[in-house]
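For the sequence shown, position 433 (counting from the first letter as 1) is numbered 1023 according to my numbering, and the numbering increases by one without interruption.
Heads up, the beta-carbon is just placed ideally off N, CA and C, and yes, glycines get one too.
What you are looking at is a predicted structure, and each value in this text was computed from that prediction instead of being measured.
Structure first, then comments.
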Amino acid sequence: MVIERENSNIATFELEKQQQYMQKMKAYLSEWEQKTGRKQSYFVLTTGCQMNAHDSEKLAGMLENMGYIASPTEENADFVIYNTCCIRENAEEKVYGRLGRLKYYKNKNKDMKIALCGCMTQQDIVIEKLQKSYKFVDIVFGTFNLYKLPELLYHSMKTDGTLFDIWKEAGEIVEDIPTVYKSTFQASVNVTYGCENYCSYCIVPYVRGKERSRKPEDIIYEIEQLVKSGTKEVMLLGQNVNSYGKNLETPLSFAKLLQRIHQIEGLERIRFMTSHPKDLSDELIETIKNYKKVCNYIHLPIQSGSSEVLKRMNRRYTKEQYLALVEKLKNAIPDITISTDIIVGFPGETEQNFQETLDVIRQVKYCTSFTFIYSKRTGTPAAKMEHQIPEEVVKDRFNRLLQVLNPLVEEVHKKQVGTVADVLVEEVSKQNHKILTGRTENNILVHFEGNKNLIGKILPIKIIDSKTFYVIGERV
Ligand code: SAH
Ligand code: SF4
Ligand code: F3S
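This is the structure in structure tokens:
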């Protein structure tokens, strides 16, 4: 299949400009290498979601294109970049903490360059704090101009002081940024950028901008290239993949995009996240059901089980609508597994509201749940809501939530025992080098004995035992 890809003049101009800066940096670094006898190294620290992790693959791609080599440690790197998250307060605290340590390293190595980018730097209060107390940072840029790293780095080599370049909104999508994919057999691929759902607790729309969809031909081209170099599984990323394509020149539904991706020969598994329940279509359910490569697994964040709380969260579905959707999914695809995100302690959450969340958990039986304590984010509507919940009450609810959740998660894993499932082998277990870990199509984590040369293969594994969060298998 030959696909015509057409980039806008602006995006082409931006890409070519950065390619020129990469060349200039390459010349600069090679001169430096001749003088010192070694190459400059980089270290990227990523906090936050898979979207950020994938952005970091682009940062690494641009840096390696310039001639930098990866440094195994932060302390000895010539260029350190933090790609940050601000979804909850503790994500930001972690970055400030690490920056303190980085300052100490930089005192020992004056030539070290430091950059900060990602979601955190899109907030005015963060910029003020950096200007006041973190003057040792050399470059600060945001989420909308990630691709400008070569240009910023080049200018910072020639100037003193911190270089700030923060945009208030997104420009055109710039395609074809060099990327170093972490894995040779699994890859993340953006389908949308940004979010405009404005859930009342969430900072993402303010730091990632309006929702933009990539053109289907760009997505397919990228996946085809990946498959040629060995990728078996893709994870399609978007804050709400279900609204993909609505604003394209020629609109295309997410389900139709999946169907097109399904045609790519050599690709074996298609995953996606996140699905906002309000936009999950029957067409998507049918596509998961009928297209083999689309995994029978869905991440479907509930956030709260109380319709009243959901209304104040601006989630635009009720408890009943959510449960009806789960029913529909389970009826259409009996072996589907479902995971979720839950926030405990949203402003005004009563014990009764919390009990409704427990009720949903008992009914749905999630395979995994990411549970969070509500964190107040300046600038969001929820931050100004009355009745913020005292810490002890939230912690108590959080613990009770896990007490209900974990045995149910364990049950889902127990149900797998006796089955044989195809497992994509991902890595050697960190605890035991004889054990490999991988995932079934249902996203169930499997541990089994095997040699590391099996990594990247899809193998049938018999599930013989289960733990709370994973199952144990053996090769058949
Ligand atoms: N776009 C995805 C979520 C991205 S953020 C979606 O809509 O599901 C990942 C998760 O972080 C959210 O699902 C939510 O559970 C949690 N989260 C977001 N803002 C939060 C906040 N202020 N406090 C606590 N958890 C939050
Ligand atoms: Fe945040 Fe809601 Fe957008 Fe998800 S859908 S990123 S929770 S605003
Ligand atoms: Fe992701 Fe955190 Fe930004 S969750 S979108 S990196 S605020």
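- Burial check for glutamate 839: the Cβ neighbour count within 10 Å stays below 16, so the residue is exposed.
- The Cβ-Cβ distance between valine 983 and valine 1013 does not fall below 8 Å.
- For proline 1050, there is no enclosing alpha helix (DSSP H); the residue is found in the beta strand (DSSP E) stretching over 1048-1056.
- Distances between the C-beta of threonine 864 and the heavy atoms of the ligand SAH include at least one below 7 Å.
- Out of Thr769, Tyr791 and Glu786, the CA that lies nearest to the CA of serine 965 is found in Tyr791.
- The stretch 927-934 makes contact with the stretch 948-964; the number of CB pairs closer than 8 Å reaches 3 or more.
- In this structure, the ligand F3S has a non-hydrogen atom nearer than 7 Å to the beta-carbon of glycine 638.
- Across the structure, glycine 690 and glutamate 682 are spaced so that their CA atoms are roughly 13 Å apart.
- Residue state for phenylalanine 862 is assigned as strand, using DSSP reduced to three classes.
- Judged by the Cβ position, glycine 969 fails to qualify as a neighbour of the ligand F3S at the 7 Å threshold, every heavy atom of the ligand being at least this far.
- The way I'd put it, the stretch 739-746 doesn't touch the stretch 718-725; fewer than three beta-carbon pairs between them come closer than 8 Å.
- Pairing glycine 828 with arginine 1065, the inter-Cα distance amounts to about 35 Å.
- DSSP places arginine 1065 inside the beta strand (DSSP E), whose first and last residues are 1061-1065.
- Annotation: valine 1018 is outside any alpha helix (DSSP H); the continuous beta strand (DSSP E) that includes it extends over 1010-1018.
- Remark: three or more beta-carbon pairs, one from each stretch, lie closer than 8 Å, so the stretch 697-706 and the stretch 662-677 are flagged as touching.
- A direct Cα-to-Cα measurement between tyrosine 887 and phenylalanine 862 gives close to 9 Å.
- Across the structure, leucine 605 and isoleucine 767 are spaced so that their CA atoms are roughly 7 Å apart.
- Using a Cβ distance threshold of 8 Å, valine 730 and threonine 749 do not count as a contacting pair.
- By the beta-carbon neighbour count (other beta carbons within 10 angstroms, threshold 16), alanine 777 is buried.
- For the pair leucine 619 and tyrosine 672, the CB atoms are not nearer than the 8 Å cut-off.
- In this structure, the straight-line span from the alpha carbon of glutamate 858 to that of glutamate 596 is close to 28 Å.
- In the DSSP annotation of this structure, the continuous segment of the beta strand (DSSP E) that includes methionine 825 starts and ends at 823-827.
- Shown here for glycine 638: same chain residues with a beta carbon closer than 6 Å to its own, the five before and five after excluded, namely Cys675 in chain order.
- Under the three-state reduction of DSSP, tyrosine 672 is assigned to strand.
- Within the same chain, Cβ atoms closer than 6 Å to the Cβ of phenylalanine 944 are found at Arg987, the five residues on either side in sequence being excluded.
- A contact between stretches requires three or more CB pairs, one per stretch, nearer than 8 Å, and the stretch 608-617 fails this requirement with the stretch 628-636.
- The DSSP-derived three-state label of isoleucine 878 is helix.
- A distance below 7 Å between beta-carbons, with the five flanking residues on each side excluded, links valine 884 to the following residues of its chain, in chain order: Leu848, His852, Ile860, Thr877 and Ile878.
- When DSSP states are grouped into helix, strand and coil, histidine 852 belongs to the helix group.
- Under the 10 Å beta carbon count, serine 646 is surrounded by 16 or more other beta carbons and is classified as buried.
- Tyrosine 724 and glutamate 976 have their alpha carbons spaced roughly 34 Å apart.
- The set of residues with a C-beta under 6 Å from any non-hydrogen atom of the ligand SF4 comprises Cys785, Asn787, Tyr788, Cys789, Cys792, Val794, Pro795, Gln829, Asn830 and His866, given in chain order.
- When DSSP states are grouped into helix, strand and coil, phenylalanine 844 belongs to the helix group.
- The three-state reading of DSSP puts aspartate 755 in strand, counting E and B together.
- For glycine 1063 against isoleucine 1054, the beta-carbon gap comes to about 6 Å, under 8 Å, which counts as contact.
- Aspartate 872 counts as exposed, since fewer than 16 other C-beta atoms from the protein chains shown sit within 10 angstroms of its C-beta.
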